[in-house]
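So the sequence shown is numbered by my numbering: it starts at 2 and just counts up by one.
To start, the structure itself, in structure tokens.
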Amino acid sequence: LVLEHFGIDTTKRGAKVTLGGDLCAVSGIGASAAHCVALARALNEVLGKNCTEAEINAAGFEGEKGYNGTPSGIDNTAATYGGLLRFQRTDADPIFEPQTLPLACRIVYA
């Protein structure tokens, strides 16, 4: 779906995409969104599209539909923009705002 979003017709010319890493897609940790956003960034570079972050995010969202059907948009948004985000799903476009913390915090996985 990311390829389609970029207007690439794989019926006319094939494409081989290989994604690596240890994260499992559709496992609840945002791996599929990270894959879609990484693919969108790679296509943007290879095709010389000069996409904005919002356009990369939109491509990631379209790709997420292939994994999850009706994604919320939070995973692809986090993968695109990084950092801390306030996210709200709406009937229209989702609302997201980058956030900053007044002090550094540590997240410890135990």
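For glycine and all other residues, C-beta sits at the position ideal for the given N, C-alpha and C.
- When the five nearest sequence neighbours on each side are left out, the beta carbons in the same chain lying within less than 6 Å of the beta carbon of Ala60 are those of Val3, His6, Ala41, in order along the chain.
- The shortest CA-to-CA distance from Asp23 to any of Lys17, Gly70, Gly31 is the one to Gly31.
- In the structure shown, Ile96 falls within a strand segment according to DSSP collapsed to helix, strand and coil.
- The C-beta of Ile9 has fewer than 16 other C-beta atoms within 10 Å across all chains shown, which makes the residue exposed.
- When secondary structure is reduced to three states using DSSP, Leu40 falls in the helix class.
- DSSP places Leu85 inside the beta strand (DSSP E), whose first and last residues are 85 to 89.
- Per the C-alpha coordinates, the member of Leu20, Thr101, Val27 positioned closest to Gly70 is Val27.
- When DSSP assignments are scanned along the stretch 16 to 73, the uninterrupted stretches of alpha helix (DSSP H) that are 4 or more residues long and fall wholly within it turn out to be 32 to 48, 54 to 69.
- Nearest Cα to Phe62 within the set Leu48, Pro103, Ala79: Ala79.
- Shown here for Ala93: not one same chain residue has a beta carbon closer than 7 Å to its own, the five before and five after excluded.
- As the crow flies, the alpha-carbon of Lys17 is around 16 Å from that of Asn45.
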